[in-house]
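Student: For the sequence shown, the working numbering begins at 8 and goes up steadily by one.
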Amino acid sequence: MSTAKQVPSSPIVVNTWPFINATRNAFAKMMTSGATCLDAVEVGCRTCEDEQCDGSVGWGNHPAEDGETTLDALIIDGRTMSVGAVA
Numbered sequence: 008m009s010t011a012k013q014v015p016s017s018p019i020v021v022n023t024w025p026f027i028n029a030t031r032n033a034f035a036k037m038m039t040s041g042a043t044c045l046d047a048v049e050v051g052c053r054t055c056e057d058e059q060c061d062g063s064v065g066w067g068n069h070p071a072e073d074g075e076t077t078l079d080a081l082i083i084d085g086r087t088m089s090v091g092a093v094a
């Protein structure tokens with residue numbers, strides 16, 4: 008028989024990559040009154056763009072196979088299905 012585990016009551020930010028400042032800034036945003044998960048994602052992504060996380064994010068990005076360096080971004084609010092993008 009298994010026992011139920013308690014779910015933390017505070018926000019959690021998970022990052023696939025080791026971009027510590029992006030994770031910290033996203034968490035700090037989540038702790039701001041009225042902030043949403045979408046706000047935290049935007050702040051985390053913006054942090055990596057500003058800091059050029061690992062040299063592959065933002066204006067210092069690596070060129071594609073054709074030698075062109077392009078920038079694009081997409082964010083989706085899963086609750087409302089609202090979408091914003093730049094290319």
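Every residue, glycine too, gets a C-beta built ideally from N, C-alpha and C. Being a predicted model, the structure only gives us computed values, none of them experimental.
Looking at C-alpha atoms only, which residue of 13, 94 and 84 is the closest neighbour of residue 49?
Tutor: On the sequence shown, position 42 is the one that residue 49 refers to. When each option's Cα is compared against that of residue 49, the closest is 84.
Student: Exposed or buried, which one is residue 99 when buried takes at least 16 other CB atoms within 10 Å?
Tutor: Absent from the model: residue 99. The displayed extent of the chain is 8 to 94, so no value can be given.
Student: Determine the DSSP secondary structure at residue 85, reduced to helix, strand or coil.
Tutor: Looking up residue 85 in the sequence shown gives position 78. In this structure, residue 85 counts as coil in the three-state DSSP scheme.
Student: Can you tell me whether DSSP reads residue 21 as helix, strand or coil?
Tutor: Against the sequence shown, residue 21 aligns to sequence position 14. Coil, per DSSP.
Student: Can you name the start and end residues of the alpha helix (DSSP H) that residue 44 belongs to?
Tutor: Position 37 of the sequence shown holds residue 44. It spans 44 to 58 - the alpha helix (DSSP H) in which residue 44 sits, taken as one unbroken run.
Student: For residue 91, is the classification buried or exposed, using 16 other Cβ atoms within 10 angstroms of its Cβ as the cut-off for buried?
Tutor: Locating residue 91 in the sequence shown gives position 84, counting from the first residue. Classification of residue 91: exposed, given that the 10 Å Cβ count is below 16.
Student: Does the beta-carbon distance from residue 38 to residue 18 come in below 8 Å?
Tutor: Here residue 38 corresponds to residue number 31 of the sequence shown, with the count starting at 1. Here residue 18 corresponds to residue number 11 of the sequence shown, with the count starting at 1. Taking 8 Å as the Cβ cut-off, residue 38 and residue 18 qualify as a contacting pair.
Student: Check this for me: beta carbons of residue 6 and residue 10, under 8 Å apart or not?
Tutor: In this structure the chain extends from 8 to 94, so residue 6 is not present and cannot be described.
Student: In chain order, what residues of the same chain have a beta carbon less than 6 Å from the beta carbon of residue 81, not counting five sequence neighbours either side?
Tutor: Stepping through the sequence shown from its first residue, residue 81 is reached at position 74. Excluding residues within five positions, the ones whose Cβ falls inside 6 Å are 92.
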